[in-house]
Amino acid sequence: SDGVLPTGSSGATRAVPGGSGERDVLLRRGRIRIYALGTLMDAVTAGFALTVPACAEKQLGASAAELGYLGTAFMGAYALTCLSFSGWSDRVGSRSFPRAGLLLVALVVLPVTLFAQSLQSVGAFYLTNAAYGLVLAFFWPPLMRQLSLMSPGAILWRSLGAFNFSWAIGIL
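With our numbering applied, the sequence shown has no gaps in its numbers, which climb one by one up to 173 at the end.
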């Protein structure tokens, strides 16, 4: 909290560029919140990614190719939305977008969770997956931007590593 971070198991420390004690503590807490959000969001995503294809296969007898297209609908919508949205969120300010992304995810996931058994076509599952990919683009890129803003240059690599570890844990 005094502008100094441990560098390894030896307990040695090094100064954080621009470290100002209280500011460092606030930034560290912000990064920890981002790690927690990443973990939770990927836990939801993993559940969604496993549940939707299983329902499509069980309810409609979706083929292996159709199940593969479900993933394509999800990632295609995510990638296209990231390309068109990320620059705009940077210009507008990305701070509130992860919260909006959480709300949008809830608006997609909750109805699917409650009414998945009423989906009557593989196309409906495609739309569901595409909608989920679209709303995740309102969460991940702005969240990663916030992390980079909270991580001074000297610790950015460590922050990104911790973030990648945290969201990967969410998948498990």
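Note that the Cβ used here is the ideal one computed from N, Cα and C, for glycine as well.
Return the Cβ separation of residue i and residue j in integer angstroms, given the expectation that the two are a contact with Cβ distance under 8 Å.
i      : j      : result
Leu51  : Val123 : About 17 Å separates the two Cβ atoms, so there is no contact after all.
Leu71  : Tyr127 : 6 Å
Val109 : Ala132 : 5 Å
Pro143 : Phe98  : 4 Å
With burial defined as no fewer than 16 other Cβ atoms inside 10 Å of the residue's Cβ, what is the status of residue i: buried or exposed?
i      : result
Asn244 : The structure shown does not extend to residue 244, since the chain spans only 2 to 173, so no value can be given for it.
Ser90  : buried
Arg159 : exposed
Ser10  : Annotation note: pLDDT 43 at Ser10 (below 50); position unreliable, no value reported.
Gly39  : buried
Ser119 : exposed
Phe166 : exposed
Leu137 : buried
Ala57  : buried
For the alpha helix (DSSP H) containing residue i, list its first residue and its last residue.
i      : result
Leu148 : 141 to 150
Ala182 : Residue 182 lies beyond the residue range present for the chain, which begins at 2 and ends at 173; the question has no answer from this structure.
Ile172 : 157 to 172
Leu105 : 98 to 116
Leu28  : 23 to 61
Gly154 : Per DSSP, Gly154 belongs to no alpha helix (DSSP H) and is neither H nor E.
Ala125 : 123 to 137
Measuring only the C-alpha atoms, how far is residue i from residue j?
i      : j      : result
Leu68  : Arg29  : 41 Å
Leu103 : Ala65  : 30 Å
Ser85  : Leu135 : 11 Å
Leu105 : Gly31  : 22 Å
Phe164 : Ser149 : 11 Å
Val53  : Ala117 : 8 Å
Gln147 : Leu161 : 11 Å
Asp43  : Thr114 : 16 Å
Phe140 : Ala101 : 7 Å
At least one CB of chain D closer than 8 Å to the CB of residue i: is that the case?
i      : result
Ser167 : No chain D is present in this structure, which holds just one protein chain.
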